[in-house]
Structures are given as C-alpha cells and as structure tokens.
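Engineer:
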Amino acid sequence: MPKRYKIAVIPGDGVGPEVMNTLLEILQVLNLPLDFEEFVIGEKQYLKSGTSLRDEDFEELKKCDAILFGALSTPSKDYPNYKSAILGLRKGLDLHANIRPIINKKKNIDIYVFRENTEDLYSQKEFFRKPGEEAVAEKIITKQATEKIVDSAIDFFRKNKRKKMTIVHKANVLRTSDGFFRDICREHLDKENIPYNEEYVDACAYKLIKFPENFDVIVTSNMYGDILSDLGGALVDNLGMLPSINKGEEHSLYEPVHGSAPDIADKDIVNPYAMILCGAYMLSDLGFEKESERIFKLIDDFVEKDITAISVGGKYKNSEIGDKFKEALKNK
Ligand code: IPM
Ligand code: MN
206 MPKRYKIAVI PGDGVGPEVM NTLLEILQVL NLPLDFEEFV IGEKQYLKSG
256 TSLRDEDFEE LKKCDAILFG ALSTPSKDYP NYKSAILGLR KGLDLHANIR
306 PIINKKKNID IYVFRENTED LYSQKEFFRK PGEEAVAEKI ITKQATEKIV
356 DSAIDFFRKN KRKKMTIVHK ANVLRTSDGF FRDICREHLD KENIPYNEEY
406 VDACAYKLIK FPENFDVIVT SNMYGDILSD LGGALVDNLG MLPSINKGEE
456 HSLYEPVHGS APDIADKDIV NPYAMILCGA YMLSDLGFEK ESERIFKLID
506 DFVEKDITAI SVGGKYKNSE IGDKFKEALK NK
C-alpha cells in the first residue's frame, strides 16, 4: 500500500477557517494520499477545557506528517495562565526555523527570511523588578538555536543556489546578545564560504523598502524576523500573500503570516493566497513536487491576471478564487 500522510488541520479563528477551507478544497481535487485531522486550539479550546493546547492534542500533533495552521486571535481577555498556543507549538515541536518567503516576480523581489523561532524576547521571560516601577523582559540568545537557524539558512542557500546572505541584528546596542548571534552566524557562514553582509535591523528596514531587489536570504533572530516579515507584506502589496514554514528536524507547520483579521472575517472576502502558498510548500516538502509546482504556477497566473480578493482591493471572493483553482486543476 502506498504511504498515506496524516495532515493536522488547525483552522483557528477569524479568517482562519475561511482560508483553510479554500486550501482543503483545492487539495482534495488533487486526489493525493492525504488524511486530514482537525484540531481546536487557542482561545476556543481554553474556554472549553481551561488550556489553549491540550496535552492529548499536542501528542497527536506530534504524530502528524505536517500541520496546516490558519490563524489564531489574540484572546479577547487577559485569562489567568493563558499561554499562546502557536508559541507553544513552535517551542514544543522545536520548529526552530520560521522561513518566510517574500516574493513578487513583477517587482523583482525574491527574499527568504530565516527567522529564529524559539527564543529571543519570545522566551517570554518577563517580570517586574520593582512592581509599578520597572518591568524586565529577558532576551535569550543561545548558541544551539542560533546555530540551527544559520545552518538551516545555509542549507537552503546551497540547495537553491542563492546568491547572498544578510545577517540582521542590532549588535551596536545589544553588544552581548546580538553580538553573540552575529558572531555565531559569521563563524558558520565563513566556514561554509557563503557570501554575506550584515545590516542593523533599523537600516535593514529602510533598505528593504528602498532596495528590496538587493536582498536574497536574510538570517535573523525572532523579534526582528517578526517585524521585518510584516514589512515584507507591504513590499509585495499585502500581507495576504505571505506564507510561512515553521520547520524543525521532526515537524513542520505551515501558517500564513497574516493574523485572524476579525474585522473582515465571515464575509468571504479574505485573500486566500498565503494559505494556498502554505499548501504548496507543504506538498513540496512531502515530496509531491508536481502538484506543488502546479499550484505555484497557478498562483503566478492568477495574480498576473489580477484575480485578487475583495479585502485587498480586488474583485473576487475567497471562495471564487478557490473555485478557479479547482477548475484549473480539474481541467488538466
Ligand atoms: C507571526 C505572529 C505571531 C508572532 C504572534 C501571533 C504570536 O505575529 O507569526 O508573525 O509574533 O510570531
Ligand atoms: Mn508577526
């Protein structure tokens, strides 16, 4: 019997279920050996069971071959002991690389951000040193996590014959923590003979807008990667075009960079491309190269033909864009 793949599906909140539904319908047309299993995490789960991510779900997610993730809303209230489910998954599944492709062929933009995904300020080690007076957040940079992110970026660089790497940091101020990150990156890139330059994150933000075509692969820590990837959304017109691949040695989770956008939810106007791109990257990672290429190509064709969603100024509903994919995939 040919192998079947178990795909975890986390639609989430807001526009998450809408874009997920579009992707799943597209995947269904391809008739691949994929079995889908749905999970409820986040605030909805917290309200049911008192935790945003149940242990039994976490154990089950570990057994899946890939995880598709829509979007989760920030909880509506400050619940006691609430923990972010997506941050829990990134750390718990050791998804050390958050890979964020920022691509727009027409504008000659082709950037891959390799964002460290498990530590930095996202360690959430925060406390009041003096209640009411002084709050502290620890920025954690470890050798292990930094080596993993730079090595993932190097691996990608080689496999895809990329041209240049940029280390992004702020070591002029954070001399110890960012200096450590920079030095580890330098050491690995030097050893592997990878051409690279360095940018401070503030200058990088400026240059990304002014000269996006000068960037190729970016390697950076968690918080800077978060901020620069939203900036990337503006570069390629809108955040609804950006997918992300959360990758570890054992697990992969695919999620749009955009959030749950409650203001446009349930109207069928959301832009589904980021989620569809997530699906295409997942298929490629699972070895379904041909199907993945077909989807990537259709995305290019459709964007070229201005088949874009209402929420981003286009004419099409989310479900209509999905229908166009299904039609095109059936007719071949
Ligand atoms: C992202 C999001 C998350 C992050 C939030 C929702 C925790 O902004 O995936 O970029 O900060 O990483
Ligand atoms: Mn973000």
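Each position in the sequence shown, counted from 1, maps to that position plus 205 in this note's numbering. Backbone N, C-alpha and C fix where the C-beta goes; we use that ideal spot for every residue, glycine too.
Can you list, in chain order, the residues of its chain whose CB lies under 7 Å from that of Y287, leaving out five sequence neighbours each side?
Structural biologist: Cβ neighbours of Y287 beyond the five flanking positions: Y251, S257 and P280.
Engineer: Is D431 close to ligand 4? I mean its beta-carbon at under 6 Å from any heavy atom of the ligand.
Structural biologist: Ligand 4 is not part of this structure, which contains only ligand 1 and ligand 2.
Engineer: Between R259, T513, F416 and C409, which has its C-alpha nearest G430's C-alpha?
Structural biologist: Among R259, T513, F416 and C409, the Cα nearest to that of G430 is on C409.
Engineer: Do P448 and L394 have their C-beta atoms within less than 7 Å of each other?
Structural biologist: Cβ atoms of P448 and L394: not closer than 7 Å.
Engineer: At which residues does the beta strand (DSSP E) containing G221 begin and terminate?
Structural biologist: Run containing G221: none in the beta strand (DSSP E); it sits in the alpha helix (DSSP H), G221 to V234.
Engineer: How many whole angstroms separate the CB atoms of I307 and L458, which I take to be in contact at a CB cut-off of 8 Å?
Structural biologist: The Cβ separation is near 19 Å, so there is no contact.
Engineer: Return helix, strand or coil for I216, following the three-state DSSP convention.
Structural biologist: Going by the sequence as given, residue 216 is Pro instead of Ile. DSSP places P216 in strand when its eight states are reduced to three.
Engineer: Quick one: is M225 buried, meaning 16 or more other Cβ sit within 10 Å of its Cβ, or exposed?
Structural biologist: Burial call: buried.
Engineer: Between P467 and S278, how many whole angstroms is the CB-CB distance? I'm expecting something under 8 Å.
Structural biologist: The Cβ separation is near 6 Å, so the contact holds.
Engineer: Would you report the Cα separation of S426 and F420, rounded to the nearest angstrom?
Structural biologist: Approximately 17 Å, taken between the alpha carbons.
Engineer: Does DSSP put M206 in a helix, a strand or coil?
Structural biologist: Three-state result, M206: coil.
Engineer: First and last residue of the alpha helix (DSSP H) that includes F362?
Structural biologist: It spans K348 to K364 - the alpha helix (DSSP H) in which F362 sits, taken as one unbroken run.
Engineer: Measure the C-alpha to C-alpha separation of V422 and P336 and round it to an integer number of angstroms.
Structural biologist: Roughly 42 Å between the two C-alpha positions.
Engineer: Is E265 helix, strand or coil by DSSP?
Structural biologist: Three-state result, E265: helix.
Engineer: How many angstroms separate the CA atom of F501 from the CA atom of K366?
Structural biologist: About 19 Å.
Engineer: Please work out which residues of its chain come closer than 7 Å, Cβ to Cβ, to K535, disregarding the five sequence neighbours upstream and downstream, and give them in chain order.
Structural biologist: Contacts found: V234.
Engineer: Quick one: give me the first and last residue of the alpha helix (DSSP H) that G275 is part of.
Structural biologist: Run containing G275: none in the alpha helix (DSSP H); it sits in the beta strand (DSSP E), A271 to A276.
Engineer: Could you say which of I246, V406, V517 and E460 lies nearest to Y486 if we only look at CA atoms?
Structural biologist: Closest option to Y486, Cα to Cα, is E460.
Engineer: Looking at the structure shown, is F333 part of a helix, part of a strand, or coil, going by DSSP?
Structural biologist: The answer is strand: DSSP assigns F333 an E or B state.
Engineer: Taking D240 as part of the beta strand (DSSP E), name the residues at either end of that continuous run.
Structural biologist: Looking at the DSSP string, the run of the beta strand (DSSP E) that includes D240 is L239 to E243.
Engineer: Out of Q349, V378 and I314, point me to the one whose CA is closest to E324's CA.
Structural biologist: The shortest Cα separation from E324 among Q349, V378 and I314 belongs to Q349.
Engineer: Just to confirm the assignment, what range does the alpha helix (DSSP H) spanning E418 have?
Structural biologist: Neither: E418 is in no alpha helix (DSSP H) and is coded neither H nor E.
Engineer: Among all the DSSP beta bridges, which residues are the ones paired with P448?
Structural biologist: Beta-bridge pairing links P448 to P461.
Engineer: Is H393 helix, strand or coil when you go by DSSP?
Structural biologist: Note: H393 maps to helix in three-state DSSP.
Engineer: For I246, report the span of its alpha helix (DSSP H) as first-last.
Structural biologist: Per DSSP, I246 belongs to no alpha helix (DSSP H) and is neither H nor E.
Engineer: Over what stretch of residues does the alpha helix (DSSP H) that includes F507 continue unbroken?
Structural biologist: Residues E494 to E509.
Engineer: Grab me the residues of M428's own chain with a C-beta within less than 6 Å of its C-beta, minus the 5 sequence neighbours each way, in chain order.
Structural biologist: Counting only Cβ-Cβ distances below 6 Å, and skipping sequence neighbours, we find D325 and L326.
Engineer: Determine whether the beta carbon atoms of I469 and S524 lie at a separation below 7 Å.
Structural biologist: The answer is no: Cβ separation not under 7 Å.
Engineer: Between the alpha carbons of L232 and N303, how many angstroms are there, rounded?
Structural biologist: Cα to Cα, L232 sits roughly 23 Å from N303.
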